[in-house]
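Going by the working numbering, the residue at position 139 of the sequence shown is 149; the numbering climbs one at a time, nothing skipped. Beta carbons: idealized from backbone N, C-alpha and C, even for Gly. Contents: one structure, followed by commentary.
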Amino acid sequence: MTISQRIVESLPFLDSIAEKVQPLVQRAVGKGGVTVRNVLDGSPLQLPLHPALTDVPVGSWTAALLFDGLDAATDSRAMRSAADASLAVGTVSGVAAAATGLSDWRYLTGGSRRMGVAHGLLNAAGLTLSAASVILRATGRRNAGRWAFLIGYSLSGTAAHLGGELSYNYGLRVNRNVFEKPGPDDFTPILKESELPQSGVRRVETDGVGVLLSRNRNGEICAIAATCGHFSGPLEEGERVDDTIICPWHGSRFNLCTGKVINGPAVFPQSRYETRVRDGNIEVRAAAGNVQKKVR
11 MTISQRIVES LPFLDSIAEK VQPLVQRAVG KGGVTVRNVL DGSPLQLPLH PALTDVPVGS
71 WTAALLFDGL DAATDSRAMR SAADASLAVG TVSGVAAAAT GLSDWRYLTG GSRRMGVAHG
131 LLNAAGLTLS AASVILRATG RRNAGRWAFL IGYSLSGTAA HLGGELSYNY GLRVNRNVFE
191 KPGPDDFTPI LKESELPQSG VRRVETDGVG VLLSRNRNGE ICAIAATCGH FSGPLEEGER
251 VDDTIICPWH GSRFNLCTGK VINGPAVFPQ SRYETRVRDG NIEVRAAAGN VQKKVR
């Protein structure tokens, strides 16, 4: 257990906050509809949106810190203006980053949820102090504004570290399929064709990987990874709707033939398997573009 985890785990009030706030966040995001949810998750871009957006305030605030230092050393109007502009950009973009971060947090549980609360509280405090710094500078209290920003920057930096813990220690927003075995390189029989129904889905294990078999509306046999790449949910337990499957854990929806994400919170497509029928048996092999094959 890391130092950050030990500290967070020793703060039981984080769970109390989560139990009150998480349902509110879930309802708020849900009211936005499918399109808003997908945008917040980053599903149309096929990458998580929150980590990308956080680069803007972190970079802007770091630039503001540098320009503030140059202003203090040189009393340069240009450096002063650059610091104020960078601070304003960081503060405005921090609001967008916070919105996507709340969306990512809405389905977390256990230790990752607690870590997310700590991450969010520190970021909220840092963002508030940055906004206060903008106001203080605009009203002529530059030194007070600098101190408010410096404290806020320290809090936001600590929050950024906790965000790294969520990604690299808890696996938030990583493609879980990358940790699965790639599956067979050559066509391998896995099921008799007569055992695959026209509707529904069937999970079959081959070469240590779960494959989700189905027939599309035209009767063609399709195969994708059976483990949801979002949080490892069992897709075979999900609801089939036309030629798509809905993960039973968090509601991600995938095309059964291409693996493409239809609705988030998943952002990465499911790995795909080529299929054929030989001697009454369904045979599959891993598609060359699968993520598992790219990292080994």
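**Item:** Sequence-distant residues of its chain with Cβ nearer than 6 Å to residue 117 (five each side left out)
**Value:** 260
**Asked** How long is the line joining the alpha carbons of residue 233 and residue 29, rounded to whole angstroms?
**Response** 38 Å
**Request:** Using 10 angstroms around the beta-carbon of residue 283, count the other beta-carbons present and answer buried if the total reaches 16, otherwise exposed.
**Result:** buried
**Prompt:** Is it the case that the Cβ atoms of residue 96 and residue 67 are separated by a distance below 7 Å?
**Reply:** no
**Prompt:** When burial is assigned at 16 or more other CB atoms within 10 Å of the CB, is residue 101 buried or exposed?
**Reply:** buried
**Asked** Start and end of the alpha helix (DSSP H) containing residue 283?
**Response** No alpha helix (DSSP H) holds residue 283; the beta strand (DSSP E) holding it covers 283-288.
**Message:** Distance check for residue 141 and residue 148, CA to CA, integer angstroms please.
**Reply:** 11 Å
**Request:** With residue 270 as the anchor, note down where its beta strand (DSSP E) starts and where it stops.
**Result:** Careful: residue 270 lies outside any beta strand (DSSP E) and carries neither H nor E.
**Asked** If you draw a straight line from the C-alpha of residue 214 to the C-alpha of residue 236, how long is it?
**Response** 8 Å
**Asked** For the beta strand (DSSP E) that contains residue 191, what are its first and last residues?
**Response** Neither: residue 191 is in no beta strand (DSSP E) and is coded neither H nor E.
**Request:** Return the first residue and the last residue of the beta strand (DSSP E) that residue 233 is part of.
**Result:** 231-235
**Request:** Can you check the segment 67-143 for any alpha helix (DSSP H) of at least 4 residues that lies completely inside it and give the ranges in chain order?
**Result:** 87-115
**Asked** Thinking C-beta only, is residue 199 closer than 7 Å to residue 291?
**Response** yes
**Message:** How far does the beta strand (DSSP E) with residue 224 in it extend, from its first residue to its last?
**Reply:** 219-225
**Cβ distance (whole Å) where residue 65 is taken to contact residue 113 below 8 Å** = Their Cβ separation, rounded to whole angstroms, is 17 Å, which puts residue 65 and residue 113 out of contact at 8 Å.
**Asked** Of all the options 252, 244, 240 and 286, which has the alpha carbon lying nearest to the alpha carbon of residue 57?
**Response** 240
**Prompt:** Considering only residues of the same chain and omitting the five flanking positions on each side of residue 70, which have a CB-CB separation below 6 Å?
**Reply:** 96, 99 and 100
**Message:** Using 8 Å as the cut-off, can you tell me whether the segment 157-174 makes contact with the segment 253-272, which would need three or more C-beta pairs spanning the two stretches below that distance?
**Reply:** no
**Asked** In this structure, what does DSSP give as the bridge partners for residue 264?
**Response** 255 and 271
**Prompt:** From residue 11 to residue 208, what does the alpha carbon distance come to, in whole angstroms?
**Reply:** 48 Å
**Item:** Residues near residue 18 in its chain [Cβ-Cβ closer than 6 Å; skip 5 each side]
**Value:** 124, 125 and 128
**Continuous beta strand (DSSP E) stretch holding residue 198: start and end** = 198-202
**Asked** Using DSSP with H/G/I as helix, E/B as strand and the rest coil, what is residue 300?
**Response** coil
**Request:** Please report the residue range of the alpha helix (DSSP H) in which residue 45 lies.
**Result:** 43-51
**Request:** Quick one: residues in its chain with C-beta nearer than 8 Å to the C-beta of residue 54, no 5 flanking neighbours on either side, listed in chain order?
**Result:** 48
**Item:** Unbroken beta strand (DSSP E) run spanning residue 215, endpoints
**Value:** 212-216
**Asked** Where do the N-terminal and C-terminal ends of the alpha helix (DSSP H) with residue 18 fall, by residue?
**Response** 13-19
**Asked** In chain order, what residues of the same chain lie with their CB nearer than 8 Å to the CB of residue 197, ignoring the 5 residues before and after it?
**Response** 284, 286, 288, 293, 294 and 295
**Request:** Please name the residue in 38, 83, 173 and 85 whose C-alpha comes closest to that of residue 14.
**Result:** 173
**Prompt:** Using the beta-carbon count (16 or more within 10 Å), is residue 277 buried or exposed?
**Reply:** buried
**Item:** Residues of its chain near residue 202, where Cβ-Cβ distance is below 8 Å and the 5 sequence neighbours each way are ignored
**Value:** 290, 291 and 292
**Request:** Find out if the Cβ-Cβ distance for the pair residue 250, residue 211 is shorter than 7 Å.
**Result:** yes
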